Every structure is written in structure tokens, then in C-alpha cells.
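Structure, as C-alpha cells:
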Amino acid sequence: MGEHELERLELDRAILNAVRTGRVTLGAKRALAMAMGKRARLIIIASNCPMEIRRAIEESAKMAGIHTYAYRGSSLDLGRATGKRFPVSALAVREPGDSNILSLMEEPKVEQD
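To convert, take the position in the sequence shown, counting from 1, and add 792; that gives this note's numbering.
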């Protein structure tokens, strides 16, 4: 397994844990509303989220001081990571619960030679 695959597996576990034990809002429109209302701590956006929605979320999150993360998988992959059987274009983490998802986003990634 490559480094990126391991990172994604760790992130997927953290997402599922946040969904199960914390407060996570699913869906691009709802994530945008959370960003606009400054009610999220982190927003994760799937790679195939429509560009106009992605930009709106990123701009609103930036203005609100909310970190965004570009998920390396599709909306189907992000949906699976949440334990759902439907696509999820974006999600907003309001409370991480027992998940380490916020600390994963803060850790600097060091390139190794």
C-alpha cells in the first residue's frame, strides 16, 4: 500500500468515527450552510463535487476561518467512508466526538526522499 492509501484509510476511519460519535452534517448544500453560519470546525469536499459548489464552500469557509480538506476520492468513496450507501459530495464536522479527525488535518505532511 502506498503512503497516500494509508493516509486515506486513516482519514476514512476518522470520518466514520466522527459520524458515529460526533456531530457531522452530510451534503454539499448543508455543508455550505454550516460554513456560512460558522457552525463547522472542518469541511471535507469530495474530488468530484461540482466546481461551483466547491468554490462557494471554500470561499465561505475561508471567510469563517473554517479549514477545508480536498478528499482524494469521489463522492461515492466519501459516502462509504461515512458508513452510508449513497454519495456524499461534502460533509461538515461540527463536533469530532471520539475521532482524531481535527488533529489529522493539523499534522504537517513531511515529504520523504
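In this text, a Cβ means the ideal position worked out from N, Cα and C, and glycines have one as well.
Keep in mind that this is a model prediction, so the values were computed, not measured.
(1) Here's the rule I'm using: 16 or more other beta-carbon atoms within 10 Å means buried, otherwise exposed. How should Ala810 be labelled?
(2) Do the stretch 820–837 and the stretch 856–870 meet, that is, are 3 or more Cβ pairs less than 8 Å apart?
(3) Could you name each continuous beta strand (DSSP E) segment of 3 residues or more that falls completely within the stretch 844–900, going from the start of the chain to the end?
(4) Whose C-beta lies closer than 8 Å to the C-beta of Thr874 among residues of the same chain, with five residues either side of it excluded?
(5) For Leu824, count neighbouring Cβ atoms within 10 angstroms of its own Cβ and tell me buried if that reaches 16, exposed if not.
(6) Between which two residues does the alpha helix (DSSP H) holding Arg822 run?
The structure says:
(1) Reading the sequence shown from its first residue, position 18 is the one you call residue 810. Its Cβ being crowded by 16 or more others within 10 Å, Ala810 is buried.
(2) Put simply, the stretch 820–837 touches the stretch 856–870. At least three CB pairs are less than 8 Å apart.
(3) Qualifying beta strand (DSSP E) stretches, in chain order: 859–862, 882–887.
(4) Along the sequence shown, read from residue 1 onward, the residue named residue 874 stands at position 82. Within the same chain, Thr874 has close Cβ partners Ile807, Leu808, Val811, Val816, Leu818, Val880, Leu883.
(5) For this step, residue 824 is matched to residue 32 along the sequence shown. Residue environment for Leu824: buried (at least 16 other C-beta atoms within 10 angstroms of its C-beta).
(6) The residue you call residue 822 lines up with position 30 of the sequence shown. Note, Arg822: alpha helix (DSSP H), 820–828.
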